[in-house]
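Colleague: Residue numbers (the working numbering), protein chains in the order written: chain A, 1 to 670; chain B, 671 to 754. Virtual Cβ for every residue (Gly too), placed ideally from N, Cα, C.
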Amino acid sequence: MINQPRLVEGRRFVSMALAGQPNVGKSTVFNMLTGLSQHVGNWPGKTVERKTGQYTHAGQTIHLVDLPGTYSLTDNSEEERIARDFILRERPDVVIVIVNAAALERNLYLVAELLVLPVRIVVGLNMMDVAKQQGVEVEPHVLEAALRVPVVPLVATHNQGLYELMHAALHLAENGVNFAPNRPEIRPSHRAVLGDIRSLIAGKTPFPYPEDWAASKLLEGDVELTEAIRRSAPGQWERIHILLRQHEDASLDVAGGRYEWIERMVRAAILEPKAGVITLTDRLDRIALHPLLGIAVLIGIFGLVFWLTYTVALPIVDWLDAVVIFWLAESARGVLATGPAWLISLVVDGLIGGAGMVLVLLPVLGIFFAILGLLEDVGYLARSAYVMDRFMHWMGLHGRSFLPFFIGLGCNVPAVMGARVVGERRARLLTILLIPLVPCTARMAVIAFLAPAFFGERAALVTWGLVTINIVALALTGIVINRTVFKGEHVAFIMEMPLYHLPNARTIGLFVWNNTWSFVKKAGTLILLVSALVWALAYFPSGHIHTSLLARMGRWLEPLGQPMGLADWRMMVALLSSFIAKENTIAVLGILYGTESQLGLTTQVARALSTSSALAFLVIQMTFIPCVATVAAIKQETGWRWTGFSVGFLLILSLCFGILTYQVACLAGL
Amino acid sequence: MADQNKCLQTLSDLAAKRRASVQVLRGGKDFTGRMAVLGFVPGSVVTVIQNYGRGPVLVTVKDVRIALGRGEALKVLVEVLPEE
């Protein structure tokens, strides 16, 4: 079983995978080991995040792959299939399993599953400090002797034990010939049938599945494995199928058997049985999970997000806009002074005016991701799903769907992908259809930019009103679609509530960095191109905006804008350009209303619109079709049919809202 | 059903602080499979932490807090253990 050393550019490297159940501090371990050397992407053909990184131990380069957090290796979710396929196909030299010492039995379930695979394992016994606080004393060497697998105690948040962990892992990678762990066995009641299945599939198990493992997964009712064996062993399938039908209860029995084995393993290793201490988590949960107080806490957190955005981020945005962008534009003008007029216009009005406007939004995004990362890291995010569960049921969804909505406040794109946490297909589909109604930071930034210009001191009130319209629209749409299209199907809510713990600056920092950087990359390519395109449309053929191609397009759309009070073609163009990216609205307004005037963009835009038109514009902006990146994500997750439905629905909804707002506002005499 | 032999209750009926032993999981294979992995196997002890009679139920199983929707808690049949 010893692997040949792998060579990359003539240098030997060791490949390791990091496995673990959710909420065991696995990402902390990964972040501590790899830091900024990590690369974040997706698993090939999947929308599950794939993190890789490098770590050097005693001069040896180790390639580390962070497997998705999974409770088991049974085919319950995409993450579980990815984790087991990686281990079976790529055969890493060592799999490091991180377990939570404070919940050892449940965590060893994954270890029990990994031990039967042909791979060497090191166990990182994390959160030793938390276990101690709860009155649990775990003896690593006793557990090591029972499992016959290296066990290294860790406090990953304090960088304790990580060196020893990697030392043990590397030692195992290089000298692991005699790796012979204690492996769990099936309960006697199913031993005979397992043997029968094992002999039926002998020689007919497709790559990369080991036969022993495949036989036990068949008994567990694993869908992917069952399908694979049905195809690879058609001659035996009928007999296998009969055996499986006769032992339909086996899946509970296999799981129960694993837990019995685990109990035997930990019996000697846990010194002090848990005393009935009331922990900090218990105390905090009495508030955070209370049906009324919990909602109050959640609303308070949203208030905090908005407050921080307005008080911390917006002054930075204003400064970047007024000082940095102005300076950039002036310097560019100076450098290009002798160049042709169109080039100066392209760089100053097109590129700096467009993409520069986008980059000034980074503080808003950064603050949101910092808060989201903090809430996730301290363990609060799961609580928000719990308190919202009741309300989500109105829409035929459950608490888990609230998490993508929460992420959607930052950016709709990861939210659509994050909808995968909602297991069931219909619930996931509905969640994805509703996400575009969650106002993302880009939309909110447009509002934060324009509302003060339009409404002065009443801007905050208008903003709250706009957000409320979106929430009500989201809830009503959800209720209607659930009652009509999905006919109220039930979905299961099963979710772990992790222990609260102190936030880790490094984890949150990397979370903010990875998310903001992916936004910058998007802004750096797609939005820059669009800015150049909009500039070209606004510059050609005459060099003057009012006779440009863009003006012609906008004027052509004016009749549509009439009932919404948007007779100014520039507003229609700004709205259309928000399809490329929401923040483009500001960028395009910047180009259309010019950057050279001393009046400032907001004042100029405010002068162009009446109060009712401005209100209608903001309402449409908040409910308009999502940006192209979100549409692409929806297409990837649901296919063309639902994407078309989503875009068409939101287009009609936003235009109706716009007309309604304008007409009502006009009647009210605004 | 074997439900009548012992005095079985659904997990959703249990008040906070009550302990019980899991006996039967009702529902499809997908549901029972997911629950079993989390430690809801026959014989394991669950403690109810929060149950307000509506909305989700919070329990501890194998030292981990798990939230279950009311519908899911209805599918877990348990035998109530005496209070300590």
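1. Does residue 720 (chain B) come out as helix, strand or coil in the three-state DSSP assignment?
2. In the DSSP assignment, find the unbroken alpha helix (DSSP H) run with residue 315 (chain A) in it and report its ends.
3. Sorted by chain position, which residues of the same chain lie with C-beta nearer than 8 angstroms to residue 663 (chain A)'s C-beta, five sequence neighbours on each side aside?
4. Please identify, using Cβ separations under 9 angstroms, the residues of the stretch 712-733 of chain B that lie next to chain A, in order along the chain.
5. Could you spell out where the beta strand (DSSP E) holding residue 63 (chain A) opens and where it closes?
6. Kindly say whether residue 744 (chain B), judged by its beta-carbon, lies nearer than 8 angstroms to any beta-carbon of chain A.
7. Do residue 20 (chain A) and residue 99 (chain A) have their C-beta atoms within less than 8 angstroms of each other?
8. Could you work out which residues of chain A lie near residue 707 (chain B), taking near to mean beta carbons separated by less than 8 angstroms?
9. Since residue 244 (chain A) and residue 280 (chain A) should fall inside the 8 angstroms C-beta cutoff, what is the C-beta to C-beta distance between them, to a whole number of angstroms?
10. Under 6 angstroms Cβ to Cβ from residue 734 (chain B), same chain only, skipping five residues before and after it: list those, please.
11. Is it true that the stretch 721-739 of chain B meets the stretch 486-500 of chain A, where meeting means three or more beta-carbon pairs spaced less than 8 angstroms apart?
12. Indicate the three-state DSSP secondary structure (helix, strand or coil) for residue 177 (chain A) in the structure shown.
13. Using the C-alpha atoms, what's the distance from residue 106 (chain A) back to residue 731 (chain B)?
14. Return helix, strand or coil for residue 9 (chain A), following the three-state DSSP convention.
15. Just reading off the beta strand (DSSP E) that residue 151 (chain A) is part of, what are its end residues?
16. Could you work out which residues of chain A lie near residue 702 (chain B), taking near to mean beta carbons separated by less than 8 angstroms?
17. Relative to chain B, which residues along the stretch 96-121 of chain A have a C-beta separation below 8 angstroms, given in chain order?
18. For residue 2 (chain A), does the count of other Cβ atoms within 10 angstroms reach 16, so buried, or fall short, so exposed?
19. Please return the same chain residues whose Cβ sits closer than 7 angstroms to the Cβ of residue 377 (chain A), not counting the five positions on each side in sequence.
20. So is residue 220 (chain A) buried or exposed if we call it buried at 16+ other beta carbons inside 10 Å?
21. Would you verify that the beta carbon of residue 688 (chain B) is, or is not, closer than 8 angstroms to some beta carbon of chain A?
22. Residue 695 (chain B) touches chain A at which residues, Cβ-Cβ below 9 angstroms?
23. Just how far apart, CA to CA, sit residue 196 (chain A) and residue 240 (chain A)?
24. Could you check whether the Cβ of residue 3 (chain A) sits closer than 8 angstroms to any Cβ belonging to chain B?
25. List the residues of chain B whose Cβ lies closer than 7 angstroms to the Cβ of residue 164 (chain A), in chain order.
26. Within its chain, find whatever has a CB closer than 8 angstroms to the CB of residue 265 (chain A); leave out the 5 residues flanking it on each side and keep chain order.
27. Identify every residue that forms a DSSP beta bridge with residue 49 (chain A).
28. Within 10 Å of its beta-carbon, does residue 748 (chain B) have 16 or more other beta-carbons around it, so buried, or fewer, so exposed?
29. Return the CA-CA distance between residue 104 (chain A) and residue 212 (chain A), expressed in angstroms with no decimal places.
30. Write down the C-beta distance between residue 647 (chain A) and residue 625 (chain A) rounded to the nearest angstrom, noting that I regard them as a contact closer than 8 angstroms.
31. Please report the distance separating the alpha-carbon of residue 254 (chain A) from that of residue 118 (chain A).
32. On the three-pair Cβ rule with 8 angstroms, is the stretch 653-660 of chain A touching the stretch 679-696 of chain B?
33. Helix, strand or coil for residue 55 (chain A), going by three-state DSSP, please let me know.
34. Taking Cβ-Cβ distances below 7 angstroms as the criterion, which residues of the stretch 493-524 of chain A are in contact with chain B?
35. My assumption, with CB atoms under 8 angstroms, is that residue 585 (chain A) sits in contact with residue 574 (chain A). Please give the rounded CB distance.
36. Threshold first: 4 residues or longer. Then list the alpha helix (DSSP H) segments lying entirely within the stretch 413-480 of chain A, N to C.
Modeller: With the structure as the only source:
1. Position 50 of the second sequence, counted from the start, is the residue given in the question as residue 720 (chain B). Residue state, collapsed to three classes: strand.
2. Position 315 of the first sequence, counting from 1, holds the residue named residue 315 (chain A). Note, residue 315 (chain A): alpha helix (DSSP H), 314-319.
3. In the first sequence, counting from the first residue as 1, residue 663 (chain A) sits at position 663. Answer for residue 663 (chain A): 563, listed in chain order.
4. Within the stretch 712-733 of chain B, the qualifying residues are 712, 713, 714, 719, 720, 722, 724, 725, 726, 728, 731, 732 and 733.
5. The residue you call residue 63 (chain A) lines up with position 63 of the first sequence. Counting along the chain, the beta strand (DSSP E) containing residue 63 (chain A) begins and ends at 60-66.
6. Residue numbering aside, residue 744 (chain B) sits at position 74 when the second sequence is read from its first letter. Residue 744 (chain B) has a beta carbon lying at 8 angstroms or more from every beta carbon in chain A.
7. Residue numbering aside, residue 20 (chain A) sits at position 20 when the first sequence is read from its first letter. Residue numbering aside, residue 99 (chain A) sits at position 99 when the first sequence is read from its first letter. Cβ atoms of residue 20 (chain A) and residue 99 (chain A): closer than 8 angstroms.
8. The count along the second sequence starts at 1 and reaches residue 707 (chain B) at position 37. Those within 8 angstroms of residue 707 (chain B) in chain A are 71, 72, 74, 76, 109 and 255.
9. Walking along the first sequence from the start, residue 244 (chain A) turns up at place 244. Walking along the first sequence from the start, residue 280 (chain A) turns up at place 280. No, residue 244 (chain A) and residue 280 (chain A) are not in contact; Cβ-Cβ is about 46 angstroms, not under 8 angstroms.
10. The residue labelled residue 734 (chain B) in the question sits at position 64 within the second sequence. Annotation for residue 734 (chain B): no residue places its beta carbon closer than 6 angstroms to its own, counting only its chain and skipping 5 residues before and after.
11. Contact holds: three or more Cβ-Cβ distances are below 8 angstroms.
12. Residue mapping note: residue 177 (chain A) aligns to position 177 of the first sequence, counting from 1. Residue 177 (chain A): coil per DSSP, three-state reduction.
13. By one-based count along the second sequence, residue 731 (chain B) stands at place 61. By one-based count along the first sequence, residue 106 (chain A) stands at place 106. Going by the C-alpha atoms only, they are around 9 angstroms apart.
14. The count along the first sequence starts at 1 and reaches residue 9 (chain A) at position 9. Unreliable positioning characterises residue 9 (chain A) in this predicted model, as indicated by a pLDDT of 48, which lies under 50. A coordinate reading is not provided.
15. Along the first sequence, one-based indexing puts residue 151 (chain A) at 151. The continuous beta strand (DSSP E) containing residue 151 (chain A) extends over residues 151-153.
16. The residue you call residue 702 (chain B) lines up with position 32 of the second sequence. Within chain A, the residues 251 and 252 have their CB atoms less than 8 angstroms from the CB of residue 702 (chain B), given in chain order.
17. Contact residues of the stretch 96-121 of chain A toward chain B are 102, 103, 104, 105, 106 and 109 (C-beta to C-beta distance below 8 angstroms).
18. As a working mapping, residue 2 (chain A) is identified with position 2 in the first sequence. Residue placement at residue 2 (chain A) is flagged as unreliable, the pLDDT there being 41, under the threshold of 50; a coordinate-derived value is accordingly withheld.
19. Locating residue 377 (chain A) in the first sequence gives position 377, counting from the first residue. Closer than 7 angstroms at Cβ, skipping near neighbours: 503, 504, 507 and 508.
20. Within the first sequence, residue 220 (chain A) is the residue found at index 220, counting from 1. The residue is buried, with at least 16 neighbouring Cβ atoms inside 10 Å.
21. Against the second sequence, residue 688 (chain B) aligns to sequence position 18. Using a CB distance cut-off of 8 angstroms, residue 688 (chain B) does not count as an interface residue toward chain A.
22. The sequence position of residue 695 (chain B) within the second sequence is 25, counting from 1. Result: 252.
23. For this step, residue 196 (chain A) is matched to residue 196 along the first sequence. For this step, residue 240 (chain A) is matched to residue 240 along the first sequence. Our two residues, residue 196 (chain A) and residue 240 (chain A), have alpha carbons roughly 9 angstroms apart in a direct line.
24. Translated into the one-based positions of the first sequence, residue 3 (chain A) becomes position 3. A caution first: residue 3 (chain A) carries a pLDDT of 47, below 50, which makes its placement in the model unreliable, though a value can still be read off. No, residue 3 (chain A) does not count as interfacial toward chain B.
25. Residue mapping note: residue 164 (chain A) aligns to position 164 of the first sequence, counting from 1. None at all; the shortest Cβ gap to chain B is about 25 angstroms.
26. The count along the first sequence starts at 1 and reaches residue 265 (chain A) at position 265. If you ignore the 5 residues before and after residue 265 (chain A), its C-beta comes within less than 8 angstroms of the C-beta of 108, 143, 146, 147 and 182, all in its own chain and listed in chain order.
27. Position 49 of the first sequence holds residue 49 (chain A). In the DSSP output, where bridge partners are listed per residue, residue 49 (chain A) has A:42.
28. Position 78 of the second sequence, counting from 1, holds the residue named residue 748 (chain B). Buried.
29. Mapped onto the first sequence, residue 104 (chain A) falls at position 104. Mapped onto the first sequence, residue 212 (chain A) falls at position 212. Taking the straight line joining both Cα atoms gives about 26 angstroms.
30. Here residue 647 (chain A) refers to the residue found at position 647 when the first sequence is read from its first residue. Here residue 625 (chain A) refers to the residue found at position 625 when the first sequence is read from its first residue. That pair is a contact at about 5 angstroms.
31. Numbered from its first residue, the first sequence carries residue 254 (chain A) at position 254. Numbered from its first residue, the first sequence carries residue 118 (chain A) at position 118. Here the alpha carbon of residue 254 (chain A) sits roughly 19 angstroms from the alpha carbon of residue 118 (chain A).
32. They do not touch, by the three-pair rule.
33. Locating residue 55 (chain A) in the first sequence gives position 55, counting from the first residue. In the displayed model, residue 55 (chain A) falls within a strand according to three-state DSSP.
34. Correct list: 493, 494, 495, 496 and 497.
35. What you label residue 585 (chain A) is simply residue 585 of the first sequence in a count that begins at 1. What you label residue 574 (chain A) is simply residue 574 of the first sequence in a count that begins at 1. Taking 8 angstroms as the upper bound for CB-CB distance, residue 585 (chain A) and residue 574 (chain A) are in contact here, some 5 angstroms apart.
36. Taking only runs of at least 4 residues, the alpha helix (DSSP H) segments lying wholly in the stretch 413-480 of chain A are 425-434 and 441-455.
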